[in-house]
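If you read the protein sequences in the order shown, they are chains A and B. Take the first sequence: its letter number 124 is residue 124 in my numbering, and every next letter is one higher. Take the second sequence: its letter number 95 is residue 95 in my numbering, and every next letter is one higher. For glycine and all other residues, C-beta sits at the position ideal for the given N, C-alpha and C.
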Amino acid sequence: METVRSPSKLSNSHLEAQKGPEGHMVTKRLQSELMQLMMSSPPGISAFPTSDSNILEWNGTITGPEDTHYENLTFRISLSFPGNYPYAAPTIKFVSPMWHPNVDLASGQICLDILKEKWSAVYNVQTILLSLQSLLGEPNNKSPLNPYAANLWDTNPKTYKQKVMEHYQEITD
Amino acid sequence: MHSPANYHDYTEPTGTTDGVMTPPQDDSEDLQQIDDMTVYKLTRELQDNEANKRSLIGSKLPLSVLANEYVDPSFKNKIESMASNGLYYRPIRGDGNCAWRAVLYGLLDLIGSNKEQCQLMKSLLQNYHTMILDEAGFEKIAYEDFIDSFYEILDSLIAQGPQYIESNSFLENTELQNGSIVCLRFITSAYIKTHSDSYEPFLEGESIDSYCARNIEAFSVEADHLSLAALVSALAVVSLHISYIDGSNTESETIHILNPDYYVDQTDFGSIKLLYRPGHYDLLLDP
Numbered sequence: 001m002e003t004v005r006s007p008s009k010l011s012n013s014h015l016e017a018q019k020g021p022e023g024h025m026v027t028k029r030l031q032s033e034l035m036q037l038m039m040s041s042p043p044g045i046s047a048f049p050t051s052d053s054n055i056l057e058w059n060g061t062i063t064g065p066e067d068t069h070y071e072n073l074t075f076r077i078s079l080s081f082p083g084n085y086p087y088a089a090p091t092i093k094f095v096s097p098m099w100h101p102n103v104d105l106a107s108g109q110i111c112l113d114i115l116k117e118k119w120s121a122v123y124n125v126q127t128i129l130l131s132l133q134s135l136l137g138e139p140n141n142k143s144p145l146n147p148y149a150a151n152l153w154d155t156n157p158k159t160y161k162q163k164v165m166e167h168y169q170e171i172t173d
Numbered sequence: 001m002h003s004p005a006n007y008h009d010y011t012e013p014t015g016t017t018d019g020v021m022t023p024p025q026d027d028s029e030d031l032q033q034i035d036d037m038t039v040y041k042l043t044r045e046l047q048d049n050e051a052n053k054r055s056l057i058g059s060k061l062p063l064s065v066l067a068n069e070y071v072d073p074s075f076k077n078k079i080e081s082m083a084s085n086g087l088y089y090r091p092i093r094g095d096g097n098c099a100w101r102a103v104l105y106g107l108l109d110l111i112g113s114n115k116e117q118c119q120l121m122k123s124l125l126q127n128y129h130t131m132i133l134d135e136a137g138f139e140k141i142a143y144e145d146f147i148d149s150f151y152e153i154l155d156s157l158i159a160q161g162p163q164y165i166e167s168n169s170f171l172e173n174t175e176l177q178n179g180s181i182v183c184l185r186f187i188t189s190a191y192i193k194t195h196s197d198s199y200e201p202f203l204e205g206e207s208i209d210s211y212c213a214r215n216i217e218a219f220s221v222e223a224d225h226l227s228l229a230a231l232v233s234a235l236a237v238v239s240l241h242i243s244y245i246d247g248s249n250t251e252s253e254t255i256h257i258l259n260p261d262y263y264v265d266q267t268d269f270g271s272i273k274l275l276y277r278p279g280h281y282d283l284l285l286d287p
């Protein structure tokens with residue numbers, strides 16, 4: 001699905017189309033965030049633009065926190081930033097199959113409040129990835145995208161772990 | 001003219017379907033398959049498209065112009081009684097940031113003709129307000145670009161004088177205005193977080209962090225009374241004078257005055273006047 005607003009979709013509003021949504025802020029901001037991420041390189045998370053030509057599309061990885069079902073497992077994610085980032089949230093998906101209450105297994109879509117109604121420019125790639133990482137160990141079972149996973153989390157940890165491993169694909173390259 | 005009671009819902013009759021939100025190309029998609037996130041994004045986009053047809057900050061008009069838009073006497077009479085005092089107003093775009101944008105313009109209007117006050121505001125941002133952000137744990141990477149937008153406006157105001165905020169290079173500058181609005185939102189959130197004892201009792205059990213994330217830090221979410229009270233205290237250089245107009249039977253508007261907890265370095269730039277009609281804020285100005 002297209003997540004970056006194309007110029008044609010902005011043509012409804014000539015004012016916006018002329019000036020661009022929020023101008024050049026997005027590039028400067030993402031460059032700073034990339035720098036921050038490279039300098040601090042927090043354990044268990046990484047992210048980088050997919051190509052030199054487009055800073056709006058990133059790939060990343062998240063490794064499960066210790067003492068959780070996801071310990072030592074590493075998952076690929078994709079990050080797609082809208083042209084008016086950080087006013088609007090990036091779209092983040094699991095590319096690796098992820099069996100988790102708040103992740104849609106088929107599409108990789110994630111249900112996390114800070115990517116929706118609680119989104120604000122306070123967050124950045126690093127804080128989002130750290131939130132996602134902790135979501136792995138602390139799912140929100142009240143509004144699951146994967147109800148079976150939510151149910152097993154509460155009732156049967158052993159089967160839960162089996163399910164996680166059944167779907168897990170190790171990253172090879 | 002439009003019915004101001006439906007201010008937010010009103011669409012300019014353009015005669016074309018340009019303004020109507022059309023889903024992306026793959027609209028064969030079954031409605032059932034559209035997930036929450038897509039609905040949320042489409043709704044947001046629709047609101048943006050509607051709001052974008054109005055000026056961010058409209059021209060300064062006598063309040064009698066607004067009174068003439070009303071038929072309903074409960075609104076009309078109150079606005080007429082205010083108009084008789086010679087007040088003017090500037091309509092502010094109804095994009096969920098109206099109160100913030102009105103306060104931004106109101107502040108710039110108060111200090112615009114006095115270079116020393118503009119300089120003072122800039123140095124307060126640099127030293128005082130940034131300190132609150134740091135104290136509340138805001139990351140520099142999150143706020144620096146937005147503070148820069150505010151600096152840039154103040155620099156232009158110092159260089160060009162009050163005509164700068166009358167010029168299109170300011171009035172139509174989405175980037176600088178919105179950046180400064182985020183700056184105001186962050187400072188307000190930071191103030192609440194560093195004075196949580198004063199605000200927590202009003203949140204009906206919601207945590208400070210959650211309230212600030214949903215209502216203040218999130219762009220395009222309308223300011224409630226608590227947010228404005230906190231904004232005034234966070235700025236610590238102005239008071240806010242809000243005239244409430246509604247459909248009640250009273251003859252005149254209800255006035256709320258919000259004063260800061262304290263004025264930083266006894267700096268009092270004066271009072272910003274807002275006009276509130278249900279769901280929307282505009283800026284009131286002296287002649």
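- Query: Which runs of the beta strand (DSSP E) fall wholly inside the region 193 to 266 of chain B and span at least 3 residues, in chain order?
  - Reply: 239 to 244 and 254 to 258
- Task: Give the DSSP-derived three-state secondary structure of G86 of chain B in the structure shown.
- Result: coil
- Task: State yes or no: is the C-beta of T68 of chain A within less than 9 Å of the C-beta of E57 of chain A?
- Result: no
- Message: For A99 of chain B and L275 of chain B, which I take to be in contact (beta-carbon distance under 8 Å), what is that distance rounded to the nearest angstrom?
- Response: Actually they are not in contact, since the Cβ atoms of A99 of chain B and L275 of chain B sit about 11 Å apart, beyond 8 Å.
- Considering only the beta carbon of each residue, do K60 of chain B and R90 of chain B sit closer than 9 Å? For K60 of chain B and R90 of chain B, yes; Cβs fall inside 9 Å.
- Task: Specify, as a first and last residue, the run of the alpha helix (DSSP H) that F94 of chain A falls within.
- Result: Element bounds for F94 of chain A: not the alpha helix (DSSP H) but the beta strand (DSSP E), T91 to F94.
- Between the C-alpha atoms of T22 of chain B and P82 of chain A, what's the straight-line distance to the nearest angstrom? Caution is warranted here: a pLDDT of 43 is assigned to T22 of chain B, below 50, making its placement in the model unreliable, and the coordinate value is therefore given only provisionally. For T22 of chain B and P82 of chain A, the distance between alpha carbons rounds to 19 Å.
- Could you tell me which chain A residues have their CB closer than 7 Å to the CB of I141 of chain B, listed as they occur along the chain? S32, E33, Q36 and N124
- Any idea if E217 of chain B is buried or exposed, counting beta-carbon neighbours within 10 angstroms, 16 or more meaning buried? buried
- Let me know if I165 of chain B comes out buried or exposed under the rule of 16 or more other beta-carbons within 10 Å of its beta-carbon. Flag for I165 of chain B reads buried.
- Task: Would you grab the beta carbon distance between L112 of chain A and P42 of chain A for me? Rounded to a whole angstrom, and I think it's under 8 Å.
- Result: Not quite, the Cβ-Cβ distance comes to about 18 Å (not below 8 Å), so this is no contact.
- Query: Does the beta carbon of S28 of chain B come closer than 9 Å to any beta carbon on chain A?
  - Reply: Model confidence at S28 of chain B stands at a pLDDT of 45, short of 50, so the residue's coordinates are unreliable and nothing is read from them.
- Item | Terminal residues of the beta strand (DSSP E) in which S131 of chain A lies | First-last for S131 of chain A: V125 to G137, but that is the alpha helix (DSSP H), not the beta strand (DSSP E).
- Message: Excluding the 5 residues flanking E222 of chain B on each side, which residues of the same chain have their C-beta closer than 6 Å to its C-beta?
- Response: G96
- Nearest-angstrom Cα distance between T174 of chain B and L56 of chain B? 8 Å
- Query: Counting only beta-carbon atoms, is K118 of chain A nearer than 9 Å to chain B?
  - Reply: yes
- Helix, strand or coil: how does DSSP classify E172 of chain B here? coil
- Query: With a cut-off of 9 Å, does the C-beta of G179 of chain B fall near any C-beta of chain A?
  - Reply: Judged by the 9 Å Cβ criterion, G179 of chain B is in contact with chain A.
- Taking C-beta pairs closer than 7 Å, name the residues in chain A that E217 of chain B reaches, listed in chain order. Correct list: S120 and V122.
- If the cut is a Cβ gap below 9 Å, which residues of chain A does D145 of chain B touch? M25, K28, R29, S32, P86 and A121
- Contact with chain A by S210 of chain B, beta-carbon distance below 9 Å: yes
- Which chain A residues are close to V39 of chain B, counting only those with a beta carbon under 8 Å from its beta carbon? Going along chain A, no residue has its Cβ under 8 Å from V39 of chain B, so there is no contact; the nearest lies around 11 Å.
- Return yes when at least one heavy atom of the ligand GTP lies under 8 Å from the C-beta of S51 of chain A, else no. Of the ligands one can find in the structure shown there are none, so the ligand GTP has no counterpart to examine.
- Query: Which residues of chain E have a Cβ atom closer than 8 Å to the Cβ of F138 of chain B, listed in chain order?
  - Reply: Looking at the structure shown, chain E is missing, and the protein chains on hand are A and B.
- Could you check if P21 of chain A is buried or exposed, using at least 16 other CB atoms within 10 Å of its CB as the buried criterion? Reliability of the predicted coordinates at P21 of chain A is poor, the pLDDT of 47 falling under 50, and no value is obtained from them.
- Message: Between the alpha carbons of K161 of chain A and Q126 of chain A, how many angstroms are there, rounded?
- Response: 27 Å
- Taking all protein chains shown into account, do 16 or more other C-beta atoms lie within 10 angstroms of the C-beta of P157 of chain A, making it buried, or fewer, making it exposed? exposed
- Using the beta-carbon of each residue, which ones in chain A are nearer than 7 Å to A213 of chain B? Per Cβ cutoff of 7 Å: K118 and S120.
- Message: Quick check: the Cα distance between D173 of chain A and Y148 of chain A, rounded to an integer number of angstroms?
- Response: Answer to the nearest angstrom: the Cα atoms are 32 Å apart.
- Beta-carbon of I114 of chain A versus every beta-carbon of chain B: anything under 9 Å? Taking Cβ atoms only, chain B reaches closer than 9 Å to I114 of chain A, which makes this a yes.
- Task: Please determine, among A:V103, A:K118, A:P90 and A:N72, the residue with the shortest C-alpha to C-alpha distance to L145 of chain A.
- Result: A:V103
- Message: Quick check: what's the CA-CA separation for M121 of chain B versus D155 of chain B?
- Response: 11 Å
- Taking the CB atoms as reference points, tell me whether A47 of chain A and I77 of chain A lie closer together than 9 Å. yes
- Query: Which residues in the same chain have their Cβ closer than 7 Å to the Cβ of L228 of chain B, if we skip the five residues on either side of it in sequence?
  - Reply: A99, L240 and L258
- Item | C-beta neighbour in chain B for V4 of chain A, strict 9 Å | Because the pLDDT of V4 of chain A is 41, which lies under 50, any placement of that residue in the model is unreliable, and the question is left without a value.
- Among B:L124, B:I79 and B:N77, which one has its Cα closest to the Cα of T267 of chain B? B:L124
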